[in-house]
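As structure tokens, the structure follows; a few thoughts come after it.
In my numbering, the protein residues as written are 2 to 217.
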């Protein structure tokens with residue numbers, strides 16, 4: 002019985018320290034964007050139907066969830082295939098959606114907006130520009146791998162993310178499963194152990210994102 006209790010406690014502690022769930026996405030140097038060598042059709046992103054969900058966590062197990070809105074964007078197709086696109090993220094729309102009391106939500110949003118995190122007064126937008134798209138098989142969570150430059154706080158890094166892409170008479174949709182990036186790669190260092198924060202007060206470097214894009 003004692004061994005079972007010890008094992009259960011270990012599992013609880015491991016869960017408390019777990020990073021947000023999702024495929025870990027490595028950030029590389031930004032790559033040069035090129036114009037597709039085929040004739041394309043550009044369709045505007047429906048900003049009312051598109052959003053980004055996020056999850057952030059502490060080493061203690063506390064976590065928050067939220068959303069960020071997409072300001073504008075376009076997706077490009079050729080012969081029924083997605084071949085390019087871009088979208089702009091309005092960093093002024095950061096919201097907290099978990100069950101945190103409203104007063105604490107406002108305080109957290111305010112802190113996320115400061116120079117400790119995303120410094121939205123100076124960097125009001127972030128952006129993602131597709132540089133290449135590859136169809137994949139045998140992946141239940143994705144039909145494609147999309148590579149693009151993610152720019153936050155004027156720092157651009159190339160990432161490759163999984164996505165399920167659908168193109169039909171209703172338009173284009175691209176939806177990712179939840180994936181994880183290292184915020185410190187974009188200069189968001191507050192509360193990171195890499196910046197000297199004590200582990201019992203530190204915030205995980207990993208932020209989970211989930212993107213939903215739809216066209217008009």
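C-beta atoms are modelled at their ideal positions from N, C-alpha and C, and glycine is treated no differently.
Local Cβ density within 10 Å of residue i, reported as buried at 16 or more and exposed below that
i, result
"residue 112", "exposed"
"residue 123", "exposed"
"residue 78", "buried"
"residue 199", "exposed"
"residue 270", "Examination of residue 270 is not possible in this model, given that the chain is present from 2 through 217 alone."
"residue 102", "exposed"
"residue 170", "exposed"
"residue 98", "exposed"
"residue 105", "exposed"
"residue 137", "exposed"
"residue 23", "buried"
"residue 188", "exposed"
Residue nearest to residue i in terms of C-alpha spacing, selected from the options
i, options, result
"residue 86", "188, 198, 45", "45"
"residue 56", "69, 48, 49, 47", "69"
"residue 148", "161, 137, 100", "161"
"residue 184", "126, 178, 209", "209"
"residue 186", "151, 203, 134", "151"
"residue 204", "58, 211, 21", "58"
"residue 100", "89, 128, 67", "67"
"residue 190", "167, 31, 21, 207", "207"
"residue 50", "31, 176, 129, 181", "176"
"residue 218", "53, 39, 37", "For the chain, the structure presents residues 2 to 217; residue 218 sits outside this window and is missing."
"residue 81", "188, 214, 167", "167"
"residue 40", "75, 84, 60", "84"
"residue 63", "217, 216, 201", "201"
"residue 60", "216, 192, 116", "192"
"residue 47", "71, 65, 32, 38", "71"
"residue 215", "74, 31, 135, 114", "74"
"residue 134", "65, 156, 76, 21", "76"
"residue 32", "121, 21, 156, 117", "156"
"residue 65", "217, 21, 38", "21"
Beta bridge counterpart(s) of residue i as assigned by DSSP
i, result
"residue 210", "55, 180"
"residue 156", "153"
"residue 142", "Answer is none; residue 142 lacks a bridge partner."
"residue 65", "57"
"residue 163", "146"
"residue 88", "74, 129"
"residue 93", "In the DSSP output, where bridge partners are listed per residue, residue 93 has none listed."
"residue 41", "The partner list for residue 41 (beta bridge, DSSP) is empty, contrary to what the question assumes."
Contact belief for residue i with residue j at Cβ below 8 Å, rounded distance in angstroms
i, j, result
"residue 158", "residue 28", "4 Å"
"residue 119", "residue 154", "7 Å"
"residue 34", "residue 132", "5 Å"
"residue 88", "residue 129", "6 Å"
"residue 182", "residue 26", "5 Å"
Below 8 Å, can you find three or more Cβ-Cβ pairs linking the stretch 187-198 to the stretch 161-173? no
Between the stretch 90-98 and the stretch 137-145, can you find at least three pairs of beta-carbon atoms closer than 8 Å? no
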